[in-house]
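Protein chains in written order, with this note's numbering: chain C, 151 to 260; chain V, 8 to 120.
In this text, a Cβ means the ideal position worked out from N, Cα and C, and glycines have one as well.
Everything numeric in this text was worked out from a predicted model, so none of it was measured.
Here is the structure we will look at.
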Amino acid sequence: AQRVTQPEKLLSVFKGAPVELKCNYSYSGSPELFWYVQYSRQRLQLLLRHISRESIKGFTADLNKGETSFHLKKPFAQEEDSAMYYCALTSGGSNYKLTFGKGTLLTVNP
Amino acid sequence: EPEVTQTPSHQVTQMGQEVILRCVPISNHLYFYWYRQILGQKVEFLVSFYNNEISEKSEIFDDQFSVERPDGSNFTLKIRSTKLEDSAMYFCASSEQRINEQFFGPGTRLTVL
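The structure is reproduced here in structure tokens:
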């Protein structure tokens with residue numbers, strides 16, 4: 151069975167500080183990993199996916215298969231980064247369903 | 008920019024009643040999904056739909072649930088006889104191809120009394 155664990159329910163940092171949101175996964179095959187973000191009163195939207203290897207809004211995430219992790223990082227947090235962040239995986243296969251973690255609420259204080 | 012839309016935004020119903028949640032996926036998308044999120048819990052997959060049939064469903068998606076694409080635009084989730092534990096936020100999502108990004112709707116909050 152596939153599972154995503156986000157150990158921190160809440161994370162609070164000051165503006166300009168580095169931020170790391172942790173994500174660990176459990177899956178026996180080769181999953182695809184994603185970070186979704188939900189800003190206040192907005193819908194879930196894709197932030198980044200590991201196969202793209204992009205940096206979006208200053209965020210990066212590296213898939214570490216040895217540690218089964220996909221932590222989200224940003225060197226200098228901004229107030230507008232405050233949001234709920236969800237790590238998700240898909241096993242691929244016939245339909246590409248997403249398995250989500252419980253989410254981490256990031257608050258960036260001024 | 009095209010978006011997935013969902014109606015209603017909030018539905019209140021009595022236990023045992025039938026509800027239909029409606030979604031309009033992005034027009035050129037071929038893959039459709041329903042997820043739900045019970046308050047304080049994670050977003051959970053319910054069902055995926057492609058080529059006018061269910062391609063996968065979760066254990067949650069029992070005989071009380073059904074999905075339909077009645078015309079070229081709508082994608083509906085029906086719960087035949089609602090239970091208290093069906094109270095949740097229900098999200099519709101769609102993607103152009105199987106491996107593409109899933110775009111989510113704003114959700115329908117279902118409250119079962």
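Measuring CA to CA, which of V:Gly23, V:Phe39, V:Met22 and V:Gln44 is closest to Cys30 (chain V)?
-> Taking only the C-alpha atoms, the option nearest Cys30 (chain V) is V:Phe39.
Could you tell me whether any Cβ in chain C is nearer than 7 Å to the Cβ of Ser101 (chain V)?
-> No, its Cβ sits nowhere closer than 7 Å to a Cβ of chain C.
Going by C-alpha distance, which of V:Thr115, V:Asp70 and V:Ile33 is nearest His107 (chain V)?
-> The displayed chain sequence assigns Asn, not His, to residue 107 (chain V). Proximity to Asn107 (chain V) across V:Thr115, V:Asp70 and V:Ile33 peaks at V:Ile33, based on C-alpha coordinates.
Assuming Ser62 (chain V) and Leu53 (chain V) make a contact with CB atoms under 8 Å, what is their CB distance in whole Å?
-> Not really, about 12 Å apart at Cβ, beyond 8 Å.
Check whether the Cβ atoms of Leu255 (chain C) and Leu183 (chain C) sit closer than 7 Å, and answer yes or no.
-> Against a cut-off of 7 Å, the Cβ pair of Leu183 (chain C) and Leu255 (chain C) comes out as no contact.
Quick one: does Lys252 (chain C) have its CB under 7 Å from some CB of chain V?
-> So, interface residue.
Alpha carbon of Cys173 (chain C) to alpha carbon of Gln195 (chain C), nearest angstrom = Distance from the CA atom of Cys173 (chain C) to the CA atom of Gln195 (chain C), rounded to whole angstroms, is 17 Å.
If you follow the beta strand (DSSP E) that Leu161 (chain C) is part of, which residue opens it and which one closes it?
-> DSSP places Leu161 (chain C) inside the beta strand (DSSP E), whose first and last residues are Leu160 to Phe164.
Residues within the region 157-182 of chain C neighbouring chain V, beta-carbon criterion of under 7 Å = Result list empty, no residue passes.
Scan the region 26-50 of chain V and note each continuous beta strand (DSSP E) run of 3 residues or more that stays entirely inside, going in chain order.
-> Qualifying beta strand (DSSP E) stretches, in chain order: 26-31 and 38-44.
Mind checking Lys247 (chain C): buried by the 16 CB within 10 Å criterion, or exposed?
-> By the neighbour-count rule (16 or more Cβ atoms within 10 Å), Lys247 (chain C) is buried.
Any C-beta of chain C sitting closer than 7 Å to the C-beta of Arg29 (chain V)?
-> No, Arg29 (chain V) does not count as interfacial toward chain C.
Chain V partners of Tyr249 (chain C), CB-CB under 8 Å?
-> This sequence places Thr at residue 249 (chain C); Tyr is not what is there. Those within 8 Å of Thr249 (chain C) in chain V are Phe52.
Using 7 Å as the limit for Cβ to Cβ distance, is Arg193 (chain C) near chain V?
-> In terms of beta-carbon proximity, Arg193 (chain C) lines the interface with chain V, with at least one pair separated by less than 7 Å.
Answer yes or no: does any C-beta atom of chain C fall closer than 7 Å to that of Phe111 (chain V)?
-> Phe111 (chain V) counts as touching chain C.
What is the rounded straight-line gap between the Cα of Leu28 (chain V) and the Cα of Asn58 (chain V)?
-> Leu28 (chain V) and Asn58 (chain V) have their C-alpha atoms spaced approximately 20 Å apart.
Do Ala95 (chain V) and Ile45 (chain V) have their CB atoms nearer than 7 Å?
-> Yes, the pair counts as a contact, with Cβ atoms nearer than the cut-off.
Residues, ordered as in the chain, of the region 200-215 of chain C that lie near chain V by beta-carbon distance below 8 Å | Listed in chain order, the positions of the region 200-215 of chain C with a beta carbon within less than 8 Å of a beta carbon of chain V would be empty, since no residue qualifies.
Name the two residues that bound the continuous beta strand (DSSP E) containing Thr254 (chain C).
-> Where Thr254 (chain C) is concerned, the enclosing beta strand (DSSP E) stretches over Thr254 to Asn259.
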